[in-house]
Amino acid sequence: MCEVQGEAGRGTMEARLETSEAIVMQLQGEIQHLRDRVGMLEAEAAGGRTSARASNKRAKPAPPPADALSPLGDEAVAYCASYLGACDLVQLGRTCRRFGAGRDGGRPSLVDGAARQMFHEAATAHEKECLPLYEGEETHVKLLKELEGLRKPLELDILFAGVSHLGGSKVAIQCSSSTDYRYDHGSAISSHIMRSGRHYAKFKVKQMASDEINIGIIRPLLKKNNRMDFDFDPVVKEDFISDYESDIDFTIRSSHWGDGNVNCCTYFGDGSCYWSSGEGTSNRGDWEWPGNEDMGLNPCTIGLLLDLNA
Numbered sequence: 003m004c005e006v007q008g009e010a011g012r013g014t015m016e017a018r019l020e021t022s023e024a025i026v027m028q029l030q031g032e033i034q035h036l037r038d039r040v041g042m043l044e045a046e047a048a049g050g051r052t053s054a055r056a057s058n059k060r061a062k063p064a065p066p067p068a069d070a071l072s073p074l075g076d077e078a079v080a081y082c083a084s085y086l087g088a089c090d091l092v093q094l095g096r097t098c099r100r101f102g103a104g105r106d107g108g109r110p111s112l113v114d115g116a117a118r119q120m121f122h123e124a125a126t127a128h129e130k131e132c133l134p135l136y137e138g139e140e141t142h143v144k145l146l147k148e149l150e151g152l153r154k155p156l157e158l159d160i161l162f163a164g165v166s167h168l169g170g171s172k173v174a175i176q177c178s179s180s181t182d183y184r185y186d187h188g189s190a191i192s193s194h195i196m197r198s199g200r201h202y203a204k205f206k207v208k209q210m211a212s213d214e215i216n217i218g219i220i221r222p223l224l225k226k227n228n229r230m231d232f233d234f235d236p237v238v239k240e241d242f243i244s245d246y247e248s249d250i251d252f253t254i255r256s257s258h259w260g261d262g263n264v265n266c267c268t269y270f271g272d273g274s275c276y277w278s279s280g281e282g283t284s285n286r287g288d289w290e291w292p293g294n295e296d297m298g299l300n301p302c303t304i305g306l307l308l309d310l311n312a
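Count the sequence shown with this note's numbering and you get residues 3 to 312, in order.
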């Protein structure tokens, strides 16, 4: 079971109240403008009907005003969008070009502009350090989604043969009891990607038959299908990238990774550490590291700290 804590904040209540009042005043003015326009159209329509009865001709209705379909200004739309989550912002951007397409002068779309404002108002200094924007590679909507993931408890949402979620929760897993030797071990991975800063997670081990447990980190990957009948063990297999390439996509890379070849690094229950490139280069266990301690067989809590700025 994993637990991760985060902080939240959205600016002062006074600032948001002032913004709300300004938006309300703007909307009231636009509503009054529309009411005046409706009254004018009704008067024109009434006059047209009288003329039509006199001349026995059908009156042609006046076209609607150009702004009838978009009474809200961009500021009001962005403010309303600020109450949506990242996934809802994506759906809003797909509804029409006004919301989802880039604007004149190279300005971002209304949706992405709203996401940018939401991120900078809500994220703490630590969260901003953990989530630098990759200019030209992603949008602020994507960055906002990463912020939401950073604040949630760590979910082990990518499962392979040998494990399953416990009680329907993705933050806890259990090993499957199977007599099939192929599934006497299993793996579970989180799809959350760490890119910068310091990250800490606690893993609570409540029941175990041995200390043969690996807890660690791995480069981002995706399953190519929903099959649950194949195991994935990057610790045992030194060439795991080529061994599993038919079922797993390892091509997710970023130019910010550099040329490092450590693609998997774990702590083993006996106190040793292991790393692998996934392409044949690895170590088979290192016991000479500060704070070395085995996990034992009793229920325990293991904490891992990853400092990507070190």
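All residues carry an ideal CB built from backbone N, CA and C; glycine is no exception.
Cβ distance (whole Å) where residue i is taken to contact residue j below 8 Å
i      : j      : result
MET297 : GLY262 : Contact doesn't hold; Cβ gap of about 27 Å is too wide.
ALA80  : GLY115 : 6 Å
VAL113 : PHE101 : 5 Å
GLY287 : TYR276 : 6 Å
GLY305 : THR268 : Actually they do not touch by this definition, with Cβ atoms about 14 Å apart.
SER205 : THR303 : At residue 205 the sequence reads Phe, which differs from the Ser that was named. Between THR303 and PHE205 the Cβ distance is about 7 Å, and since that is below 8 Å, they are a contact.
LEU94  : LEU86  : 7 Å
Residue range of the beta strand (DSSP E) that includes residue i
i      : result
HIS201 : 200-207
ALA174 : 171-177
PHE270 : 266-270
VAL165 : 165-168
ASP309 : 302-309
ILE217 : 216-220
Proximity to residue i [Cα-Cα], best of the options
i      : options                        : result
MET210 : ASP233, ALA48, CYS177, LEU152  : CYS177
LYS130 : VAL113, GLU140, LEU152         : LEU152
ILE243 : LYS204, ARG99, THR283, LYS208  : THR283
MET230 : VAL264, LEU224, LEU161, ASN216 : LEU161
SER111 : LEU91, TYR246, PHE232          : LEU91
GLU157 : LYS172, THR268, GLY102, HIS167 : LYS172
ALA312 : HIS201, ILE195, GLN30          : HIS201
ASN216 : LEU308, GLY273, TYR136, ALA47  : GLY273
HIS258 : LEU310, GLY169, ASP241         : LEU310
TYR136 : SER212, SER198, ALA103, GLU150 : SER198
TYR246 : ARG255, GLY87, LYS226          : LYS226
GLU123 : ALA47, LEU308, SER84           : SER84
LEU223 : LYS208, GLN34, HIS194, GLU32   : HIS194
HIS142 : HIS128, GLY169, ARG109, HIS167 : ARG109
ASP251 : ILE220, ARG96, GLY138          : ILE220
GLU139 : PRO155, ARG255, ASP38          : ARG255
Boundaries of the alpha helix (DSSP H) in which residue i is found, first to last residue
i      : result
GLY115 : 112-124
LEU2   : Only positions 3 to 312 of the chain appear in this structure, which leaves residue 2 out of reach.
LEU91  : 88-95
ASP106 : That residue, ASP106, is in no alpha helix (DSSP H); it is neither H nor E in DSSP.
CYS82  : 76-83
ILE254 : First-last for ILE254: undefined, no H or E at that position.
Bridge partners - residue i, DSSP secondary structure assignment
i      : result
ASP288 : CYS275
CYS132 : Beta-bridge pairing links CYS132 to no other residue.
ALA190 : LEU161
LYS239 : Answer by DSSP bridge pairing: none, since LYS239 is not bridged.
LEU224 : ASP251
Using 8 Å as the threshold, is the stretch 287-296 in touch with the stretch 228-237, meaning 3 or more CB pairs across them?
no
Cβ contact check for the stretch 161-171 and the stretch 189-202: 3 or more pairs under 8 Å:
yes
Tell me, please, whether the stretch 109-127 touches the stretch 140-155 by the rule of three or more beta-carbon pairs shorter than 8 Å.
yes
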